[in-house]
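Under this note's numbering, the residue at position 54 of the sequence shown is numbered 902, and the numbers go up by one with no gaps.
C-beta: ideal position from N, C-alpha, C; glycine also.
What follows is a single structure, written as structure tokens, with notes after it.
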Amino acid sequence: MSEKKVYTFGGGKAEGNAAMKSLLGGKGANLAEMAALGVPVPAGFTITTEVCNWFGAHGHKRPADLADQVKAGVRAIERAMGGIFGDAKQPLLLSVRSGARASMPGMMDTVLNIGLNDETIKGLIHDEGSRRFAYDSYRRFVMMYGDVVMQVRGEHHDPFEQLLQAKKDARGLTLDTELTADDLRELVGEFKALVKREAGRDFPEDPWTQLWGAIDAVFLSWDNPRANAYRRLNNIPADWGT
849 MSEKKVYTFG
859 GGKAEGNAAM
869 KSLLGGKGAN
879 LAEMAALGVP
889 VPAGFTITTE
899 VCNWFGAHGH
909 KRPADLADQV
919 KAGVRAIERA
929 MGGIFGDAKQ
939 PLLLSVRSGA
949 RASMPGMMDT
959 VLNIGLNDET
969 IKGLIHDEGS
979 RRFAYDSYRR
989 FVMMYGDVVM
999 QVRGEHHDPF
1009 EQLLQAKKDA
1019 RGLTLDTELT
1029 ADDLRELVGE
1039 FKALVKREAG
1049 RDFPEDPWTQ
1059 LWGAIDAVFL
1069 SWDNPRANAY
1079 RRLNNIPADW
1089 GT
């Protein structure tokens, strides 16, 4: 495995290019190419497919030198985007996405809005309209992270959706968009209580804990049943990684 494990892109420059799909995956390689061409894509970084394969071959442990490279990647995004990961005044929110060299739509996992917690949400609230948006983003993050990372899911139903529906029923509402900021704030607390009850541990408030949990979950999703089935049907090698 190469020493370099993280490739940054954004701000009109990139460390990768479109020819590096085997190392960066299709999404990472194409984002790097667009950034280098000056296309205004949000800044980010790609962890190589080699790391995914190493993770799978070593009992789901990360390489020791990955942490420093990921931290440097986050700092590069902060400089490009003007936010600070974990800051309560100007928070930077991150997404963790999969991206193999071959397209595998919907087969692997994604986590959005990483970095939201009870403190950083304050940096998103400027008026009542933004307050509703902030708490809607927060409850969606807890739903997604609780499902993908903490494995809170029902055999025949989505427990988060059940709580969401119960909230609408109690308020006599039909649409999610009819819920107020206060309704959504209450749902955040109810979702976290569900996570605690079902997963046996608290929903993580620390942004870095959230980020590493999401990275691990996306690596793990390379070998989930639907991804394995899709690869078999489409003759995609298991060692390509994401």
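For isoleucine 1063, the enclosing alpha helix (DSSP H) starts and ends at 1055-1069. The C-beta separation of methionine 929 from leucine 914 comes to about 22 Å, leaving the pair out of contact by the 8 Å criterion. Membership of threonine 894 in any alpha helix (DSSP H) is not indicated; the residue belongs instead to the beta strand (DSSP E) covering 892-895. If only uninterrupted beta strand (DSSP E) runs of at least 3 residues are considered, those enclosed by the stretch 893-955 are 942-945. In the structure shown, phenylalanine 857 falls within a strand segment according to DSSP collapsed to helix, strand and coil. Contact between glycine 873 and glycine 947 holds, with the beta-carbon distance rounding to 4 Å and staying under 8 Å. Pairing threonine 894 with valine 854 gives a Cβ-Cβ distance under 9 Å. Short of 6 Å from the beta carbon of lysine 875, and not among the five residues preceding or following it, lie these beta carbons of its own chain, in chain order: Gly947. With fewer than 16 other CB atoms across the displayed protein chains lying within 10 angstroms of its CB, glycine 1048 is exposed.
Within the DSSP bridge table, the entry for alanine 1086 names no partner.
Of Arg1045, Asp935, Ser951 and Asp1031, the smallest CA-CA separation from alanine 877 is found for Ser951. Rounded to whole angstroms, the gap between the alpha carbons of histidine 1005 and glutamate 863 is 43 Å.
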